[in-house]
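I have placed the structure first, in the form of C-alpha cells, so that the comments after it can refer back to it.
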Amino acid sequence: MRALLIAALAAALPALAASIQVTAKDARGAPVENAAVWAVARLAPPPRWRREAAVEQKDKQFRPMVTVIQTHTMVRFPNRDDVRHHVYSFSAPKPFEIKLYAGTPVAPILFDNPGEVVLGCNIHDSMLGWIYGVDTPLKTGADGTARIDELPAGDYELQAWQYAQSAKPAPRPVKLRAGESFAAEFTVALKALPPRPASR
Amino acid sequence: MTPRRIRPTRLQDRIVVFFVVLLMAVQLVSFYFIRYAIEHTAQNTMREELRVGARVFRRILEQNSRQLVGATSVLTYDFGFREAIATRDRPTILSALRNHAARITASGMSVIGLDDIVVADTIDESNAGKPYPFPDLIERAATLGRTAGVRVIEGRSYQIIVVPVLAPLPIAWVSMSFVIDDATARDLQRLATSEVTFVQSIGGEPRILATTLPPSRRGALVSAANRIIATARDGATVRLAGEDYEVLATPLEGTGSLPLYAILQRSSADGLAAYLLLEAIMLIIAGLSLAVTLAGAMRIARRITRPVARLGAAATEIEKGNYAVRVGSETSDEIGELGRAFDRMAAGLAERDNMRDILGKVASNEVVTRLLEGGDIELGGEERDVTVMFTDIRNFTALVEKLTPDQSLQLLNQFLTVISEVIESAGGVVDKYLGDGVMALFGAPVTRPDDAQRALNCALEIRDRVAALGPVLAARGLPHPQVGIGINTSRVIAGNIGSPSRLNYTVLGDGVNLASRLEGLTKRYQVPIVTGFTTREGAGGIACRELDKVRVKGKTVAERIFEPLGPEGTLTRGEEAHLAQWHEALEMFRQRRWDATAASLKALSTLPGYERLVAIYLGYIRDLVANPPGDDWDAAFTLYEK
Numbered sequence: 001m002r003a004l005l006i007a008a009l010a011a012a013l014p015a016l017a018a019s020i021q022v023t024a025k026d027a028r029g030a031p032v033e034n035a036a037v038w039a040v041a042r043l044a045p046p047p048r049w050r051r052e053a054a055v056e057q058k059d060k061q062f063r064p065m066v067t068v069i070q071t072h073t074m075v076r077f078p079n080r081d082d083v084r085h086h087v088y089s090f091s092a093p094k095p096f097e098i099k100l101y102a103g104t105p106v107a108p109i110l111f112d113n114p115g116e117v118v119l120g121c122n123i124h125d126s127m128l129g130w131i132y133g134v135d136t137p138l139k140t141g142a143d144g145t146a147r148i149d150e151l152p153a154g155d156y157e158l159q160a161w162q163y164a165q166s167a168k169p170a171p172r173p174v175k176l177r178a179g180e181s182f183a184a185e186f187t188v189a190l191k192a193l194p195p196r197p198a199s200r
Numbered sequence: 201m202t203p204r205r206i207r208p209t210r211l212q213d214r215i216v217v218f219f220v221v222l223l224m225a226v227q228l229v230s231f232y233f234i235r236y237a238i239e240h241t242a243q244n245t246m247r248e249e250l251r252v253g254a255r256v257f258r259r260i261l262e263q264n265s266r267q268l269v270g271a272t273s274v275l276t277y278d279f280g281f282r283e284a285i286a287t288r289d290r291p292t293i294l295s296a297l298r299n300h301a302a303r304i305t306a307s308g309m310s311v312i313g314l315d316d317i318v319v320a321d322t323i324d325e326s327n328a329g330k331p332y333p334f335p336d337l338i339e340r341a342a343t344l345g346r347t348a349g350v351r352v353i354e355g356r357s358y359q360i361i362v363v364p365v366l367a368p369l370p371i372a373w374v375s376m377s378f379v380i381d382d383a384t385a386r387d388l389q390r391l392a393t394s395e396v397t398f399v400q401s402i403g404g405e406p407r408i409l410a411t412t413l414p415p416s417r418r419g420a421l422v423s424a425a426n427r428i429i430a431t432a433r434d435g436a437t438v439r440l441a442g443e444d445y446e447v448l449a450t451p452l453e454g455t456g457s458l459p460l461y462a463i464l465q466r467s468s469a470d471g472l473a474a475y476l477l478l479e480a481i482m483l484i485i486a487g488l489s490l491a492v493t494l495a496g497a498m499r500i501a502r503r504i505t506r507p508v509a510r511l512g513a514a515a516t517e518i519e520k521g522n523y524a525v526r527v528g529s530e531t532s533d534e535i536g537e538l539g540r541a542f543d544r545m546a547a548g549l550a551e552r553d554n555m556r557d558i559l560g561k562v563a564s565n566e567v568v569t570r571l572l573e574g575g576d577i578e579l580g581g582e583e584r585d586v587t588v589m590f591t592d593i594r595n596f597t598a599l600v601e602k603l604t605p606d607q608s609l610q611l612l613n614q615f616l617t618v619i620s621e622v623i624e625s626a627g628g629v630v631d632k633y634l635g636d637g638v639m640a641l642f643g644a645p646v647t648r649p650d651d652a653q654r655a656l657n658c659a660l661e662i663r664d665r666v667a668a669l670g671p672v673l674a675a676r677g678l679p680h681p682q683v684g685i686g687i688n689t690s691r692v693i694a695g696n697i698g699s700p701s702r703l704n705y706t707v708l709g710d711g712v713n714l715a716s717r718l719e720g721l722t723k724r725y726q727v728p729i730v731t732g733f734t735t736r737e738g739a740g741g742i743a744c745r746e747l748d749k750v751r752v753k754g755k756t757v758a759e760r761i762f763e764p765l766g767p768e769g770t771l772t773r774g775e776e777a778h779l780a781q782w783h784e785a786l787e788m789f790r791q792r793r794w795d796a797t798a799a800s801l802k803a804l805s806t807l808p809g810y811e812r813l814v815a816i817y818l819g820y821i822r823d824l825v826a827n828p829p830g831d832d833w834d835a836a837f838t839l840y841e842k
C-alpha cells in the first residue's frame, strides 16, 4: 500500500525530453501517499484534450479515494455495490448530484474547473472521496516516488496537493534542460481529517 | 397552720417535685439527643439527597446535551439543508435555519463558515459577517466532531450545540442554542427534587440566570452565592433570610472558563418536616408521661404522707393519753402495715395503761409486770383459791412509845419494808397496809401451783427476819419485836372493789376473815404464825405443830389450826420428839382422856414454846372435867371475839 500515486503532468514535447523525480514526505519525513504533483509550464499554454476517468463505488467506498484529473475530464461514477448511491458534491469547482442510481449512470460528469472536489454520498455518510482537477496534462506514476517523464526542456512550476494537507505546499520553480533528470522533494504538512461516521 | 401539718405537705411536694424534675431532666436530655440525631440525620439525608440530585441533575444536563447534539447532527445531515448552506445564499440559509430550529424547538440557530465568521444567525441577524463569539466551541467540534456547551448571551444562559455541516467534509458549522430559563430550571427541579438556580459569577458579582425560586427569595441567594460556590461543592448548610437551607453548588459542564454554576437548595425545614410528626408524637408522649408521673407521684406521695400525717396526729393523741385513737389503715403495703402496727401498739398501750392504772394500786411490781406480760388477765370479779396472809407487829405500841412520831413512822416503815420485800420475793402481792400490819395475797391475781407453800415459807422468813431485827432494836433500847402472822387458804372473790375513780384490787370472803382471825390467834397461843388446815395441806415439806381446833362463830365446822415451825429436817431430834409427844397429848385430849392428857402436858410444860399451849389445854381439861362435854363435843374451841 505504499503505492505513491503520482499525477505527473507536463507540457510535453516528444523530443528532447527531460524527467522529474518527485518524493512527497510529511513533516516527519514519512512518505505521503495520495499526493498529486504536477509541473506547469510557465510560458506555453496547457494543451487541452478530452480524457475520461471513472470513480467506482464499491463496498460503500469511493475507489480510488483520490482521483487526479485534468480539467475537462468526463468522470463516470459506476456503482458496483448492490445498493444505490446518491453521489454529490457541494465543492465549488463542481457541485453535482447523481440521485439514487444503480449501475453506471448514463451521463458522465464533466469536471471543467480545476480544484478540489469532495465527493460524498447522501445515503452513506461514511463515504468520502476526492477528485482533484488540474489544468496541465498529466502523467500517472505507478510506484513509491513519482516520476514525470518526457517533459520538454523549459521553465516549470512544480505544484503538489494532498487531500489532508493543512496548507498548500509552496510551488517550486524548475528549469529543465533537455535530457536532464531533476529530483524534487515536497514536504506536505498533514492535518487530521474531521471524525467520520463509520461505514454502515 | 401548725408546723406539724406543714411538714407532710412539704414531703409530698418534695416527692412530686423530685420525680417530675427527674423525669423532665431525663426527657430533656433524651429530647436533646433525639433532636440532635434527627437534625443530624435530616441534614445528612438532605445533603445526600442533594448530592444524588446533583448527580441526577448533571446527568440530565449531559443527556439533554447529547440528545440535542444528536438531534442537531441529524438536522445538519439533511440534504436539503446542506444544499441550502451550499447555496451561500443568506436569506435561503436563514430561512432554512429558522425552519430547522423550529423542528427541534431550539431557541436559535446559526451557520458559521469554516473561517469562524457567522453566515447567518436567527437570534440576531446582524451577527452575520461577524466572528462567531465562541470559537472554542468550534475548535472542540473540529476535534470531536460535535460539541456542546453552556454560554451566556445577553444575560441568558444557553446550551449551545456546535456540529459541522458535512458534505461529506465540513463545509460550515451549525450552532444550535437552547435557552436555559426558569422553565428549564423547573423541569430540572422535578427530577432533582430541589430548587435549582443557575448562577453566573463574574468578577465576584453573582447573577441569577434562571431559577425556580420565587423572586422574594432570590436576593438572599444572590448575596450568598459566592460563599455557596466557594464552600458548598459537596453540600453545606447556609442561612438565607432567616431560614436554613441545604445547598450544593455544582459547576456546569461545558462552560469552559465561564463561572457558571447550578445551585441546588432545599429548605432544612422541609427535610425536617418528615420528623415533625415524630417530634410531635414524642412531645405528646413526653407530656402524657409527665402528667402520669405527676399524678402518680402525687398519689404515691399522698399515700405516704397522709398515713404519716395520720400517724403523727395519732401519736400526738397517744402522747396526750388518748389511747383510743386508731389509724385504721386499709392498704396492704408497708405503710398500711405500719398503720396496723401503730394501731396494735395503741391497743397494747391502752391495755397496758389500763392494767398499770389498776394494778399499780394493788399489786407489787413483780406481779404487775407479770400481769402486763401475761396480758390477758380478767380483772373483773372472779372466784379463785387464794392464800391470804395477815401480819401484825404485835407490840408496836410498846415499841414506839419512847419514840417521836417521826421515828415511829420510820421504824414502822422499816418493818413494812422488810415484810413487803419478803412477800414480793416470795411471789406474793401486798394487798394493803393495815396500820402496822400487812395484808398479802398468794394466788391472786396470778395463780401459782405452790401458792400455799410460798405463803408458809414467806411467813417463816418474816418471822426470822423480824426476829433478826431484835438485836438492832435492843441496841437502841427498844424491846424485842414480835410479829403475828395469820395464813389461810380458801376460795375467795377477787376483783376490783371501789368506785370507778378509785379502784382497789382485793379479795373478799370468809377465808379472808379467817386469816385475819388466825393472825389474832397468835396472841392467844403466843406463837408467831397460825395457819389454817387448807394451807397446811397445800404446803408440803414444812413441819407444823397443830395448835387447836377452832370454830368461828356462826360456823358449824371447826378448823384445825397449825403453827409452821420450819422446813422439814430443820428441827432438832429433841424438838421432833417433843412435837410428837405434843401431838400424842393432843390426840389423847380429843379422845377425852383428860388425866393422861394432863400428865403428858405436864411433861411438856417446861419446854420452850409449850408453856402457853400446856396452860391453855390444862385450862380446857379443868373446864371439861368440871363440865363434862356432850356426845357432840368435837374438841373445838369456839372463837367469840374478833
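So the sequence lines, in the order shown, correspond to chains A and B.
Note that our numbering has the first sequence beginning at 1, numbered continuously upward.
Note that our numbering has the second sequence beginning at 201, numbered continuously upward.
For every residue, glycine included, the Cβ atom is placed at its ideal position computed from N, Cα and C.
Would you list, in chain order, the members of the segment 21-38 of chain A that have their beta-carbon closer than 8 angstroms to a beta-carbon of chain B?
none
Helix, strand or coil for B/Q726? Go by DSSP, reduced to three states.
Here residue 726 of chain B is taken as the residue at index 526 of the second sequence, counted from 1. Three-state DSSP puts B/Q726 in coil, outside helix and strand.
Determine, using beta-carbon pairs with one atom in the segment 487-507 of chain B and one in the segment 376-393 of chain B, whether at least three such pairs fall under 8 angstroms.
no
Could one say the Cβ of B/A271 lies closer than 8 angstroms to chain A's Cβ atoms, at least one of them?
Stepping through the second sequence from its first residue, residue 271 of chain B is reached at position 71. So, not an interface residue.
Any idea what DSSP makes of B/A850, helix, strand or coil?
Shown here, chain B extends from 201 to 842; a query on residue 850 of chain B therefore has no answer.
Thinking C-beta only, is B/A626 closer than 8 angstroms to B/R654?
What you label residue 654 of chain B is simply residue 454 of the second sequence in a count that begins at 1. What you label residue 626 of chain B is simply residue 426 of the second sequence in a count that begins at 1. Going by C-beta atoms, B/R654 is nearer than 8 angstroms to B/A626.
Take every Cβ of the segment 167-186 of chain A, pair it with every Cβ of the segment 51-59 of chain A, and state whether three or more of those distances are shorter than 8 angstroms.
no
Between A/D143 and chain B, is any beta-carbon pair separated by less than 8 angstroms?
As a position in the first sequence, residue 143 of chain A is number 143, starting the count at 1. Confidence in A/D143 is poor, its pLDDT being 47 and thus under 50, which makes the residue's placement unreliable; the coordinate value appears in the next sentence. No, because no Cβ of chain B sits closer than 8 angstroms to the Cβ of A/D143.
State the start and end residues of the unbroken beta strand (DSSP E) segment that holds A/F111.
Counted from its first residue, the first sequence places residue 111 of chain A at position 111. Residues 109-111.
Along the chain, which unbroken stretches of the beta strand (DSSP E) at least 3 residues long are found entirely within the segment 811-840 of chain B?
Counting whole runs of 3 or more residues, the segment 811-840 of chain B contains the beta strand (DSSP E) stretches 837-839.
Counting only the same chain and skipping the five closest in sequence on each side, list residues whose C-beta sits under 7 angstroms from that of B/R298.
As a working mapping, residue 298 of chain B is identified with position 98 in the second sequence. So the list reads T322, once near-sequence residues are dropped.
Beta-bridge partners of B/S401, as assigned by DSSP:
Working through the second sequence from its first residue, we reach residue 401 of chain B at position 201. Its beta-bridge partners are B/P406.
Taking Cβ positions, are B/F279 and A/N122 nearer each other than 8 angstroms?
Against the second sequence, residue 279 of chain B aligns to sequence position 79. Against the first sequence, residue 122 of chain A aligns to sequence position 122. Result yes, Cβ atoms of B/F279 and A/N122 sit closer than 8 angstroms.
Quick check: the Cα distance between B/E283 and A/R63, rounded to an integer number of angstroms?
For the purposes of this step, residue 283 of chain B is taken as the residue at position 83 of the second sequence. For the purposes of this step, residue 63 of chain A is taken as the residue at position 63 of the first sequence. Taking the straight line from one Cα to the other gives about 25 angstroms.
Ignore the nearest five residues each way along the sequence and tell me which others in B/R407's own chain have a CB closer than 8 angstroms to its CB.
As a first step, residue 407 of chain B must be located in the second sequence, where it is residue number 207. Here the set comprises G355, V399, Q400, S401, V422.
Once the 5 residues before and after B/V846 are set aside, which same chain residues still bring their CB inside 6 angstroms of it?
Chain B is shown from 201 up to 842; residue 846 of chain B falls before or after that span and cannot be answered.
On the CB-based measure, 16 or more other CB atoms within 10 Å of its CB, does A/K94 come out buried or exposed?
In the first sequence, counting from the first residue as 1, residue 94 of chain A sits at position 94. It counts as buried.
Does A/M127 have its Cβ less than 8 angstroms from a Cβ in chain B?
The count along the first sequence starts at 1 and reaches residue 127 of chain A at position 127. Yes - at least one Cβ of chain B is within 8 angstroms of the one on A/M127.
Is A/N122 helix, strand or coil when you go by DSSP?
Your numbering for residue 122 of chain A matches position 122 in the first sequence. Three-state DSSP puts A/N122 in coil, outside helix and strand.
Cβ pair B/L804, B/H783 closer than 8 angstroms:
The sequence position of residue 804 of chain B within the second sequence is 604, counting from 1. The sequence position of residue 783 of chain B within the second sequence is 583, counting from 1. Contact: no.
Any C-beta of chain A under 8 angstroms from that of B/A342
For the purposes of this step, residue 342 of chain B is taken as the residue at position 142 of the second sequence. Yes, B/A342 counts as interfacial toward chain A.
State the Cα-Cα distance for the pair B/D533 and B/T241, rounded to the nearest angstrom.
In the second sequence, counting from the first residue as 1, residue 533 of chain B sits at position 333. In the second sequence, counting from the first residue as 1, residue 241 of chain B sits at position 41. One alpha carbon belongs to B/D533, the other to B/T241, and they sit about 48 angstroms apart.
Tell me which residues of the segment 108-124 of chain A have at least one Cβ-Cβ distance to chain B shorter than 7 angstroms, keeping chain order.
Cβ contacts with chain B: V118, G120, N122.
Within the segment 675-754 of chain B, ranges of the beta strand (DSSP E) (whole runs, at least 3 residues)
If we require 3 residues or more, the beta strand (DSSP E) runs fully inside the segment 675-754 of chain B come out as 683-699, 702-708, 729-732, 742-752.
So for B/M246, helix, strand or coil by DSSP?
In the second sequence, residue 246 of chain B corresponds to position 46, counting from 1. Residue state, collapsed to three classes: helix.
Please state if the CB of A/V55 and the CB of A/I131 are separated by a distance shorter than 8 angstroms.
Reading the first sequence from its first residue, position 131 is the one you call residue 131 of chain A. Reading the first sequence from its first residue, position 55 is the one you call residue 55 of chain A. Yes.
Taking Cβ-Cβ distances shorter than 7 angstroms, what residues in chain E pair up with B/F279?
Absent here is chain E; the protein component of the structure consists of chains A and B.
Alpha carbon to alpha carbon, how far is A/W161 from A/P14? Give it in angstroms, no decimals.
Here residue 14 of chain A corresponds to residue number 14 of the first sequence, with the count starting at 1. Here residue 161 of chain A corresponds to residue number 161 of the first sequence, with the count starting at 1. Confidence at A/P14 is low in this model, with a pLDDT of 44, below 50, so its placement is unreliable and no value can be given for it.
Give the interface partners of A/F90 over in chain B, defined as CB-CB distance under 7 angstroms, in chain order.
For the purposes of this step, residue 90 of chain A is taken as the residue at position 90 of the first sequence. Correct list: R282, A286, A367, I371.
When the Cα atoms are used, what is the spatial distance from B/Y475 to B/I429?
Taking the first residue of the second sequence as 1, we reach residue 475 of chain B at position 275. Taking the first residue of the second sequence as 1, we reach residue 429 of chain B at position 229. When the Cα atoms are used, B/Y475 and B/I429 turn out to be separated by approximately 29 angstroms.
How many Å lie between B/F762 and B/V730 at the Cα?
Position 562 of the second sequence, counted from the first residue, corresponds to residue 762 of chain B. Position 530 of the second sequence, counted from the first residue, corresponds to residue 730 of chain B. Between B/F762 and B/V730, the C-alpha separation is close to 6 angstroms.
Mapping DSSP to helix, strand and coil, what is B/E530?
Here residue 530 of chain B corresponds to residue number 330 of the second sequence, with the count starting at 1. The answer is coil: DSSP assigns B/E530 none of H, G, I, E or B.
Closer than 7 angstroms at the beta carbon, the chain A residues around B/P364:
The residue you call residue 364 of chain B lines up with position 164 of the second sequence. Neighbours of B/P364 on chain A, chain order: P194.
Establish whether the CB of B/G435 and some CB of chain A are separated by less than 8 angstroms.
Translated into positions along the second sequence, residue 435 of chain B becomes position 235. No, its Cβ sits nowhere closer than 8 angstroms to a Cβ of chain A.
Using the Cβ count rule (16 or more neighbours within 10 Å means buried), how would you classify B/L492?
To locate residue 492 of chain B, count along the second sequence from 1; it is residue 292. Before going further, note that residue 492 of chain B is Val rather than Leu in the sequence given. Per the 10 Å Cβ criterion, exposed.
Give the C-beta separation of A/A39 and A/I20 to the nearest angstrom, bearing in mind that I take them to be a contact with Cβ-Cβ under 8 angstroms.
Taking the first residue of the first sequence as position 1, residue 39 of chain A is located at position 39. Taking the first residue of the first sequence as position 1, residue 20 of chain A is located at position 20. With a Cβ gap of about 6 angstroms, A/A39 and A/I20 count as contacting.
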